[in-house]
Amino acid sequence: MSECTHDCSSCGENCPSRNKPEDLREKPNKLSHIEKVIAVVSGKGGVGKSMVTSMLAAEANRKGKMISILDADITGPSIPRIFGVNARAYGDENGIIPVKTRKGINIMSLNLLLEKTTDPVIWRGPVIAGMVKQFWTDVIWGDVDYMFIDMPPGTGDVPLTVFQSIPVDGIIVVTSPQELVSMIVEKAVNMAKTMNIPILGLVENMSYFKCDGCGKEHNIFGESHVKETAEKFGIKSICRLPIDPEVASVSDKGLGDDLIRPEIGSFFSDITVDL
Ligand code: ADP
29 MSECTHDCSS CGENCPSRNK PEDLREKPNK LSHIEKVIAV VSGKGGVGKS
79 MVTSMLAAEA NRKGKMISIL DADITGPSIP RIFGVNARAY GDENGIIPVK
129 TRKGINIMSL NLLLEKTTDP VIWRGPVIAG MVKQFWTDVI WGDVDYMFID
179 MPPGTGDVPL TVFQSIPVDG IIVVTSPQEL VSMIVEKAVN MAKTMNIPIL
229 GLVENMSYFK CDGCGKEHNI FGESHVKETA EKFGIKSICR LPIDPEVASV
279 SDKGLGDDLI RPEIGSFFSD ITVDL
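When you number the sequence shown by our numbering, it's gap-free, plus one each residue, and the end is 303.
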């Protein structure tokens, strides 16, 4: 074997370093200093992924951290609506400026760039993934303690590209207590393993409904599976969130900054302790 020049493009040797997976991670904008990136994933839409992302961001913001949300759910962006943000994002020669919520969380979402937010996004996977990458590379996020990424649902092409291009420190999986839960979690666990990213915690949203008349907890969507599922996959932190009409109404009014829930408070402390 000839001496290594560290330039694989001009060398035909089949050495171990050539077989290393290519590092596809992109650099953030030069004016962004992002400490930790947490991606929030779900197996399918409608389980409350954006809601949990917003609650985590609101909680961390309340604790005095500098928080950003990158809305990567390009075909179903709901973060601006939850936080009542309608302003259009604008850019200058250095990049795109995110929009601030009432209490100072920086957000970027495709809906902040579209002229008409009701326009459907009829784009193929690579274009969608490219847009998410640009939210990472072109947005001037400034100083950030925690960036939460509201991921597109599922474990397909787009989430995979996002995980390859953005240095994610940990994943949070959001589920509902339905039968498929363990299959969905298993897929997320396998994807995280492939990408070498730890799963920080598992949230079972709409886990139960507490009757305000008798105080009894009703399992509207079936028995909870969160404990045994977390044990099965070695996930340390879990959170059970009830179906809460007030949560839905706060987000419908665009008051996402006020989505403070005690369950999320202790969950946030749990997941960030090892980060
Ligand atoms: P996803 O991001 O997974 O598609 P969303 O966060 O947009 O899901 O939530 C779907 C709908 O369910 C929204 O209308 C939201 O207000 C409602 N929702 C989510 N979690 C709860 C909850 N714990 N209690 C009541 N409504 C909820």
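From the three backbone atoms N, C-alpha and C, an ideal C-beta is built for every residue, glycine too.
Within the DSSP bridge table, the entry for cysteine 267 names Val231 as partners. Rounded to whole angstroms, alanine 258 and isoleucine 266 show a C-alpha spacing of 7 Å.
Spatial neighbours of alanine 115 in its own chain (CB-CB distance under 6 Å, excluding positions within 5 residues in sequence) are listed in chain order as Val127. Boundaries of the beta strand (DSSP E) harbouring phenylalanine 176: 171 to 178, taken from the DSSP string. When the beta-carbon positions are compared, proline 181 and serine 70 come within less than 7 Å of each other. The closest CA to that of isoleucine 177, considering only Met136, Asp185 and Asp171, is found on Met136.
Your pair methionine 79 and valine 275 checks out as a contact, with CB atoms roughly 7 Å apart and the cut at 8 Å.
In the structure shown, phenylalanine 237 adopts extended strand secondary structure according to DSSP, grouped into three states. With respect to the 7 Å criterion, glycine 198 and proline 226 are classified as neighbours on the basis of their beta carbons.
If you look at lysine 64, you'll find it in the beta strand (DSSP E) that goes 61 to 70. For methionine 159, the shortest separation between its Cβ and any heavy atom of ligand 1 does not lie below 6 Å.
For aspartate 99, no alpha helix (DSSP H) segment is defined; the enclosing uninterrupted segment is the beta strand (DSSP E) at 95 to 99.
Close CB contacts of leucine 283 within its chain, under the 7 Å cut and outside five residues either way in sequence, are with Gly112 (chain order). Here isoleucine 168 is not near glycine 241, since their CB atoms are 7 Å or more apart. Beta-bridge pairing by DSSP links threonine 203 to Glu232. The Cβ atoms of serine 193 and lysine 221 do not sit closer than 7 Å to each other. In the three-state DSSP reduction, glycine 76 falls in the coil class, being neither helix nor strand.
A straight line joining the alpha-carbon of aspartate 185 with that of glycine 158 spans about 12 Å. In terms of side-chain proximity, the C-beta atom of serine 106 is found nearer than 6 Å to a non-hydrogen atom of ligand 1. The C-beta of glycine 92 has fewer than 16 other C-beta atoms within 10 Å across all chains shown, which makes the residue exposed.
Leaving aside the five residues that flank isoleucine 292 on each side, the residues in its chain whose CB is nearer than 7 Å to its CB run, in chain order, Met83, Leu84, Glu87 and Cys267. Nearest to threonine 146 by alpha-carbon distance, out of Ile200, Gly74 and Ser106, is Ser106.
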